[in-house]
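Okay, so here's the structure we're looking at.
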């Protein structure tokens, strides 16, 4: 398997994780009897009303990340190079909002209700490190890889 | 030490209204010192000001001096005023005086003073709110690390994600509006523009209006406008 094929697989894996995040969210939302995104948009407005203008920043960050996951899912699946830069841009948001790129982690943690906060933070950091390194490495073209000593 | 000072030279930051004698008592001091004006600093300047307007007619001068004091164009500063301008006394009528001040008199006095005074009755009005971004980020991270497995919601669409965050609610002491002047007699007094800060925490706490008896709100609850009464807030 050559590097291009490996890159394609890595890209598809991250697209898959993004898709799992979206599907999981929509499934849980529907299970609660809500219309995905619409119900949360109303709830977010209510939260802002209760909390005050200080919530705008946090709510905006959250929705920006959700929107960017939809886009990155599509970019990774279609093997676009821009997916690499978008995933780098997502990293600070994912770390701050604790949304791991390995989206199965959130589901897995659900099986251990008494998990520690430090463990959760550690797993998110590990997940983002793994994603950044893999996307950085497999996002390089052949010349770049040679310069990097591969 | 007693002295007279012209109103335009009166500095509210330096002089206190609690040291300004009520014109009713100030005029008896004037009469006492009128023939020995150098004993009371500032009185000679007041006499000179009246002389330049009226010439040397002494009786007219005295009337003019009293008029200027009653119109509060000149203030008598004294260490122990009998009836200082600051406080309730300048708004209410003097007990020893036979005539009764009308509401219009009190209103006129109030407006006259509040137009220049930077200290007096008022209300606490919302000025600004400081959301402590750095500290709150830590709380959000802590909240989120505990609720990570709670899927099916966009983050922060639920107020619980913002639990325990803090903010500083700042209020400013401002003058009462025209339709609030009924509060002025009982109002506490502060410097206009004075700020006060109160820290609040966002909690799912007891309330008196929600059906469940609990709701997400800032604790303690602070209204945008607070009327502070003498001896306690309302």
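Residue numbers (my numbering), protein chains in the order written: chain A, 742 to 891; chain B, 295 to 528. C-beta: ideal position from N, C-alpha, C; glycine also. Source: prediction; values computed, not measured.
Residue contact check for residue 492 of chain B against chain A: no CB pair falls below 8 Å. Chain order gives the chain B residues near residue 803 of chain A as 448, 449, 450, 451 and 455, where near means a beta carbon separation below 9 Å.
Interface annotation for the region 762 to 773 of chain A against chain B: 765, 766, 768, 769, 770, 772 and 773, criterion Cβ-Cβ distance under 8 Å.
Under the DSSP assignment, residue 495 of chain B falls in the beta strand (DSSP E) whose first and last residues are 489 to 500. The Cβ of residue 442 of chain B sits closer than 8 Å to at least one Cβ of chain A.
Around the beta carbon of residue 295 of chain B, a 10 Å sphere encloses fewer than 16 other beta carbons of the protein chains shown; the residue is thus reported as exposed.
Between the region 332 to 343 of chain B and the region 856 to 874 of chain A there are fewer than three C-beta pairs closer than 8 Å, too few to call the two in contact. Residue pairing by DSSP leaves residue 871 of chain A without any beta bridge partner. Remark: three or more beta-carbon pairs, one from each stretch, lie closer than 8 Å, so the region 429 to 438 of chain B and the region 831 to 839 of chain A are flagged as touching. Secondary structure note for residue 466 of chain B: its beta strand (DSSP E) is the uninterrupted segment 460 to 468. A Cβ of chain A is located within less than 8 Å of the beta carbon of residue 496 of chain B.
Any Cβ of chain B closer than 8 Å to the Cβ of residue 759 of chain A would place that residue at the interface, and such an atom is absent. The residue among A:855, A:852, A:843 and A:880 with its C-alpha nearest the C-alpha of residue 870 of chain A is A:843. Among the residues facing chain A, residue 511 of chain B is included, as its CB has a counterpart in that chain under 8 Å away. At a cut-off of 8 Å between beta carbons, residue 850 of chain A contacts chain B. According to the DSSP assignment, residue 427 of chain B belongs to the alpha helix (DSSP H) that extends over 427 to 441. Going by C-alpha positions, residue 846 of chain A is about 14 Å away from residue 760 of chain A. Under the DSSP assignment, residue 773 of chain A falls outside any alpha helix (DSSP H); it carries neither an H nor an E label. Using a Cβ-Cβ cut-off of 8 Å, residue 439 of chain B counts as an interface residue toward chain A, since at least one Cβ of chain A sits closer than that to its own. Non-local C-beta neighbours of residue 766 of chain A in its own chain, meaning closer than 7 Å and more than five positions away in sequence, comprise 777, ordered along the chain. In the three-state reduction of the DSSP assignment, residue 357 of chain B falls in the helix class, which pools H, G and I. The C-beta of residue 462 of chain B has fewer than 16 other C-beta atoms within 10 Å across all chains shown, which makes the residue exposed. Within the same chain, Cβ atoms closer than 8 Å to the Cβ of residue 332 of chain B are found at 338, the five residues on either side in sequence being excluded.
The count of Cβ pairs closer than 8 Å, one atom from the region 850 to 859 of chain A and one from the region 785 to 792 of chain A, stays below three, leaving the stretches out of contact.
A direct Cα-Cα distance of roughly 11 Å separates residue 524 of chain B from residue 477 of chain B.
Taking 7 Å as the cut-off between beta carbons, the residues of the region 850 to 881 of chain A near chain B are 850, 851, 858, 861 and 862, in sequence order.
Around residue 819 of chain A, no beta-carbon contact reaches into chain B at under 9 Å, the shortest distance being about 25 Å. For residue 507 of chain B and residue 516 of chain B, the gap between their C-alpha atoms comes out near 19 Å.
Three or more Cβ pairs closer than 8 Å define a contact, and the region 310 to 329 of chain B meets that threshold against the region 363 to 379 of chain B.
When the five nearest sequence neighbours on each side are left out, the beta carbons in the same chain lying within less than 7 Å of the beta carbon of residue 813 of chain A are those of 759, 824, 827, 828 and 831, in order along the chain.
From the listed residues B:496, B:511 and B:494, the smallest Cα separation to residue 502 of chain B is found for B:511.
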